[in-house]
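**Q** Sharing a structure, written as structure tokens. Questions coming.
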Ligand SMILES: [Zn+2]
């Protein structure tokens, strides 16, 4: 299985973000390279039904892409939580996902799973599973390689 690397610190930040919102989905952007997540940004969920879906604040998304084009961190995907579900893509997620190869992290409780949005994915026709490779030094190594 393909994998994506993340530091234990970033993973803990995602779990903590989700725990602060027991009734509404939280979301955020992921930055790095296609195989390494080395930063994240908490975003506002502007979905009309935040208990059931998420939509990253378009202003935050736009700003992140603008920074990216100016040489800043590259947006590689995003995370969101399932407050009352499991860490698995929902039919709603599949319907909303664009098959652009981006990384999706889904958090439920202490479980975090990783996926890549692709055409004809193994799950819900849209997502291929990614193994999360964890390590404290991952982000630092990625920084060295990237900058
Ligand atoms: Zn979802």
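Numbering (the numbering used here), first residue to last: 26 to 172. Heads up, the beta-carbon is just placed ideally off N, CA and C, and yes, glycines get one too.
(1) Give every residue of the same chain whose Cβ lies closer than 7 angstroms to the Cβ of residue 90, excluding the five residues on either side of it in the sequence, and list them in chain order.
(2) Can you tell me whether residue 169 is helix, strand or coil according to DSSP?
(3) When a residue counts only if its C-beta is closer than 7 angstroms to some heavy atom of ligand 1, which residues count, in chain order?
(4) By a C-beta neighbour count over all protein chains shown, 10 Å radius and 16 as the cutoff for buried, is residue 151 buried or exposed?
(5) Less than 9 angstroms between the C-beta atoms of residue 62 and residue 30, yes or no?
(6) Helix, strand or coil: how does DSSP classify residue 93 here?
(7) Just tell me which of 81, 92, 117, 33 has its CA closest to the CA of residue 69.
(8) Helix, strand or coil for residue 154? Go by DSSP, reduced to three states.
(9) Look at the alpha carbon of residue 117 and the alpha carbon of residue 102, and state the distance between them as a whole number of angstroms.
(10) Rank 108, 83, 72, 78 by C-alpha distance to the C-alpha of residue 119 and give the top, closest one.
**A** On the basis of the data shown:
(1) Shown here for residue 90: same chain residues with a beta carbon closer than 7 angstroms to its own, the five before and five after excluded, namely 100 in chain order.
(2) Residue placement at residue 169 is flagged as unreliable, the pLDDT there being 46, under the threshold of 50; the coordinate-derived value follows with that caveat. DSSP places residue 169 in helix when its eight states are reduced to three.
(3) In chain order, the hits are 50, 78, 79, 105, 107, 114, 115, 117, 118, 131.
(4) Its Cβ being crowded by 16 or more others within 10 Å, residue 151 is buried.
(5) A contact, by the Cβ cut-off of 9 angstroms.
(6) Note: residue 93 maps to helix in three-state DSSP.
(7) Distances from the alpha-carbon of residue 69 to those of 81, 92, 117, 33 put 81 closest.
(8) The answer is strand: DSSP assigns residue 154 an E or B state.
(9) The straight-line gap separating the alpha-carbon atoms of residue 117 and residue 102 is approximately 17 angstroms.
(10) Here the closest residue by C-alpha is 78.
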